[in-house]
Amino acid sequence: MNGYGERGSYGLGERRTLKEQAGTYALLPLRIFLGVTFVYAGLDKLTDSAFLSATGSGSIGEMMRGVRDSSAIPALVDLALKSPEGFGYAIAIGELLVGLGTLVGLWARLAALGGALISLSLWLTVSWQATPYYYGNDLPYLMAWLPLVLAGAPLFSADAFFASRRRRSM
Numbered sequence: 001m002n003g004y005g006e007r008g009s010y011g012l013g014e015r016r017t018l019k020e021q022a023g024t025y026a027l028l029p030l031r032i033f034l035g036v037t038f039v040y041a042g043l044d045k046l047t048d049s050a051f052l053s054a055t056g057s058g059s060i061g062e063m064m065r066g067v068r069d070s071s072a073i074p075a076l077v078d079l080a081l082k083s084p085e086g087f088g089y090a091i092a093i094g095e096l097l098v099g100l101g102t103l104v105g106l107w108a109r110l111a112a113l114g115g116a117l118i119s120l121s122l123w124l125t126v127s128w129q130a131t132p133y134y135y136g137n138d139l140p141y142l143m144a145w146l147p148l149v150l151a152g153a154p155l156f157s158a159d160a161f162f163a164s165r166r167r168r169s170m
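Using the UniProt record's numbering, read the sequence shown as starting at 1 and increasing by one per residue.
Written out as structure tokens, the structure reads:
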């Protein structure tokens with residue numbers, strides 16, 4: 001089977017090599033890691049009343065005020081500061097939906113794009129001031145999402161299930 005649930009043209013009785021099999025499953029560990037991480041991040045934020053506050057230690061508002069002058073796009077931080085609680089909920093719910101979509105493989109490319117956009121916005125605001133740049137974690141998350149944006153979730157996913165049903169009904 002190739003990465004899309006179809007048999008490859010390996011000929012009668014040909015066995016696939018370990019390398020070929022590994023290529024089929026290469027993105028699965030990344031998908032699981034990112035999905036679990038984003039579900040955890042979203043739930044962690046949603047259950048932390050201090051985070052979802054406009055002021056106070058550990059609040060989203062305090063964090064955004066702290067990074068405003070060092071971010072790449074201060075106007076983006078200013079937008080978040082208009083409603084820190086709303087921004088906190090938006091990030092938390094976005095992370096939760098992205099994580100669940102990635103794990104289940106439902107609209108996987110869209111979920112990965114959402115994860116990439118969240119990571120990009122966090123990189124340009126929260127972790128922009130990290131020097132050297134590789135000390136900030138949001139840029140590697142952004143790069144990790146890109147293969148899933150391109151490939152989707154061709155294995156063990158709702159997308160693959162629905163695609164196979166569409167092919168069978170044609």
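By construction, the Cβ of each residue, glycine as well, lies at the ideal position given by its N, Cα and C atoms.
Test item: CB-CB of residue i and residue j under 8 Å
i, j, result
"A108", "G101", "yes"
"E45", "G88", "In the sequence under discussion, the amino acid at residue 45 is Lys, which differs from the Glu named in the question. In contact: K45 and G88 (Cβ atoms closer than 8 Å)."
"A151", "D159", "no"
"L96", "V36", "no"
"I118", "G136", "no"
C-beta neighbour in chain D for residue i, strict 8 Å
i, result
"T102", "Chain labels in this structure do not include chain D; a single protein chain is all it has."
Reduced DSSP category for residue i - H, G, I as helix; E, B as strand; rest coil
i, result
"G11", "Unreliable positioning characterises G11 in this predicted model, as indicated by a pLDDT of 46, which lies under 50. The coordinate reading is nonetheless provided below. If DSSP states are grouped into helix, strand and coil, G11 belongs with coil."
"V126", "coil"
"G66", "helix"
"S49", "coil"
"W107", "coil"
"L27", "coil"
"R166", "helix"
"residue 177", "Residue coverage of the chain in this structure runs from 1 to 170, which leaves residue 177 outside it and unanswerable."
"A92", "helix"
"A54", "coil"
"T17", "coil"
"Y4", "Unreliable placement is indicated for Y4, whose pLDDT of 46 sits below 50; the coordinate value is still reported in the next sentence. DSSP places Y4 in coil when its eight states are reduced to three."
Member of the options whose CA lies at the smallest distance from the CA of residue i
i, options, result
"T66", "T125, F33 and T37", "Per the sequence shown, residue 66 should be read as Gly rather than Thr. G66 has its Cα closest to that of T125, out of T125, F33 and T37."
"P74", "G42, Y40 and W128", "W128"
"F51", "Q21, P84 and L34", "P84"
"G86", "L110, D138, M64 and V149", "M64"
"T131", "L76, M170, D48 and S70", "S70"
"A90", "L43, Y134, Y133 and G56", "L43"
"I32", "R167, S157 and S169", "S157"
Supposed close pair residue i, residue j - CB separation, criterion 8 Å
i, j, result
"L142", "L120", "5 Å"
"W145", "G105", "Actually they are not in contact, since the Cβ atoms of W145 and G105 sit about 15 Å apart, beyond 8 Å."
"L30", "G61", "Not really, about 33 Å apart at Cβ, beyond 8 Å."
"Y25", "L155", "7 Å"
"L28", "L148", "Actually they are not in contact, since the Cβ atoms of L28 and L148 sit about 10 Å apart, beyond 8 Å."
"W123", "L139", "5 Å"
Subject >> alpha helix (DSSP H) runs contained entirely in the region 119–163, provided each spans 4 or more residues >> reply: Those alpha helix (DSSP H) runs which fall completely within the region 119–163 and span 4+ residues are 138–151.
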